[in-house]
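Asker: Next up is a structure, given as structure tokens.
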Amino acid sequence: MMAKYLIVDDEPLIRKGIIKLISRAAPEWELCGEAWDGEEGLEMAIQLHPDLILSDIRMPEMDGLTMAKQLIDQAISIPVVFLTGHDEFSYIQQAIKTNAFDYILKPFREEDVRELFERYQQEYGVKNKIQHKDMSILKQYEFFLMTTLESQNIEQLKSLEEWYKKLQSSINLRAFVELTTRNVHSFLLKFDIIGSEYKPVINEYNHDKVIQKLQEYCITQLKDVYSQNTNQLIETVKEWIDQHIDENLSLTEAASLVHLNSTYFSEYFKKYTGETFSQYVIRCKMERAKVLLSDHSLRVYDVAVNVGYSDQRHFSKVFHNKIGMTPSEYRNKLLGIKS
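Anchor point for the sequence shown: position 172 equals 172 in my numbering, and the numbering is continuous, going up by one each time.
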């Protein structure tokens, strides 16, 4: 599939000239639309989803800078290249603030256009040949992200810039951002949360800022998921325990239920309940057993089975350890019978 570009300029002759230049300098690119001002350009960007927008700065109705700002405000991450003259150079600083990908000075030269599209490919394309050692580093980074997110270690997320320096011989900044956000979104989906987008327009002036914003994005997403879902996660596990109290419940099953690894889940559960998973399950089983023992139609063996113990003697031993008396003694106490 060919990459597509949209051109936004109120001068038809300029549009035609730049289109001809692109057809010679970057024949692999396809024109998908022409707009005469920023307002029409914004509409066409939403409808046509171009890979790149080339826009004049000064236009009637809506200028190019306003269009670029509105793209950002609407979370539409299409890079913009501004077509500008020397007398408009003061606008470039404003353009950079709108995350402009680049600019081309009038009169346009074919070599400038060719360099522009080559740089786009460098910034937005992944480097093709990844060596085995580089794949190993990528796997290490993904493992770092997984463990960092699951352990809620916000401090570790501040090392993303160091990781990018290790990886930049293998992937460019765009690919690094996408790899990071993809892993964050996968983590959020475990909690049925759809993560917000972070798709920055990247240019040679803002690499440090992109990494900084990426770190802030990851930290915010992590804080949100735990602040919103801590109680929900614990309550989900507690409800599951209550519904399966007659089974032999395992830590691994519980961790799988909430999509966390067993080691982290064990620490997480104790942190928010004050008990280990095993302690909590046994306490719930014994509390249920006390209720069942009040039903005189049930034998002690039946009570044991109903709380997940096939061995009555083992059940009685655990009950005595936790309650301070045997199941029979507890039942007699309920009936007012002295032993």
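All C-beta atoms, glycine included, are put in the ideal place defined by N, C-alpha and C.
1) Where I76 and L42 are concerned, what is the direct C-alpha to C-alpha distance, given to the nearest angstrom?
2) Can you tell me whether I14 is helix, strand or coil according to DSSP?
3) Could you give the C-beta distance for L6 and I53, rounded to a whole number, given that I count them as a contact under 8 Å?
4) In terms of residue numbering, what span does the alpha helix (DSSP H) encompassing V291 cover?
5) Between the beta-carbon of V80 and the beta-carbon of A26, is there less than 8 Å?
6) From D63 to G85, what does the alpha carbon distance come to, in whole angstroms?
7) Can you tell me which residues form a DSSP beta bridge with T84?
8) Have a look at A304, N306, L31 and T180 and flag the residue whose alpha-carbon is nearest the alpha-carbon of E142.
9) In the DSSP assignment, what are the bridge partners of L31?
10) Could you compute how far the alpha carbon of M325 sits from the alpha carbon of F319?
11) So is M2 buried or exposed if we call it buried at 16+ other beta carbons inside 10 Å?
12) In the DSSP output, which residue or residues are listed as bridge partners for L52?
13) Excluding the 5 residues preceding and the 5 following V210 in the sequence, name in chain order all residues of the same chain whose CB lies nearer than 8 Å to its CB.
Answerer: Per the coordinate set shown:
1) 10 Å
2) helix
3) 5 Å
4) Counting along the chain, the alpha helix (DSSP H) containing V291 begins and ends at F277 to L293.
5) Between V80 and A26, the CB-CB gap reaches or exceeds 8 Å.
6) 15 Å
7) L105
8) T180
9) Y5
10) 7 Å
11) exposed
12) In the DSSP output, where bridge partners are listed per residue, L52 has Y5.
13) L173, V177, P200 and I202
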